[in-house]
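Asker: Have a look at the structure that comes next, please.
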Amino acid sequence: MQRPPPPPPRTVSQWPPKPPKQPVNREAEIAEILRRKQHGIPLGTALLRSRMVWVYTSMFVIPTAIVFMLVGGKTELSKEDLMKTPSWERLKHGKLAYANPADRTERENQINEVLFNTKGSMRHEWARKKDEAKA
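Position one of the sequence shown corresponds to residue 452 (the numbering used here), numbered consecutively onward.
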């Protein structure tokens with residue numbers, strides 16, 4: 452009497468083992484679908500989709516509508532209103548807008564000295580040494 456050959460080793464895609472297939476009762480499935488339709492219960496992925504609709508609505512649409520109502524329906528400022536804001540003043544004067552006028556002139560002098568009054572060379576030290584060695 453011969454033994455049957457051993458089953459092939461299981462691969463990762465075969466694990467965990469799948470349960471044996473049950474016979475499908477089509478009449479019961481159709482009855483369940485009809486019952487859900489009669490009672491207004493979403494089917495399968497439709498339930499998931501309806502939940503996703505509510506999640507994204509609550510994340511994006513509702514906060515946008517609340518803010519729109521709070522600002523009175525205005526979505527942009529006129530040029531005159533914009534020029535009255537503190538942000539415009541900071542933008543107009545740059546980083547020095549926060550300083551008082553005495554400090555502002557001192558800072559401007561420091562910046563001008565660094566930018567325009569430096570006497571340093573733009574060449575690296577090794578390049579200067581190389582030029583001195585040639586001369």
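Backbone N, C-alpha and C define an ideal beta-carbon position, used for all residues, glycine too. Here the structure is a predicted model, which means the values were calculated and not measured.
#1: Per DSSP, what kind of secondary structure is THR556 in: helix, strand or coil?
#2: Compute the Euclidean distance between the alpha carbons of PRO459 and LYS469, then round it to the nearest angstrom.
#3: Beta carbon of THR526, beta carbon of PHE519: below 9 Å?
#4: Would you mind reading off the limits of the alpha helix (DSSP H) that contains VAL518?
#5: Going by beta-carbon coordinates alone, are LEU528 and THR536 separated by less than 9 Å?
#6: So for SER501, helix, strand or coil by DSSP?
Answerer: In terms of the structure at hand:
#1: By 1-based counting over the sequence shown, the position of residue 556 is 105. Here THR556 sits in helix by DSSP.
#2: Mapped onto the sequence shown, residue 459 falls at position 8. Mapped onto the sequence shown, residue 469 falls at position 18. Near 16 Å, if we compare the C-alpha coordinates of LYS469 and PRO459.
#3: Along the sequence shown, read from residue 1 onward, the residue named residue 526 stands at position 75. Along the sequence shown, read from residue 1 onward, the residue named residue 519 stands at position 68. Result yes, Cβ atoms of THR526 and PHE519 sit closer than 9 Å.
#4: In the sequence shown, the residue the question calls residue 518 occupies position 67. Here the alpha helix (DSSP H) through VAL518 covers 513-521.
#5: Numbered from 1 along the sequence shown, position 77 holds the residue referred to as residue 528. Numbered from 1 along the sequence shown, position 85 holds the residue referred to as residue 536. Yes, Cβ-Cβ distance for LEU528 and THR536 is below 9 Å.
#6: Your numbering for residue 501 matches position 50 in the sequence shown. Helix.
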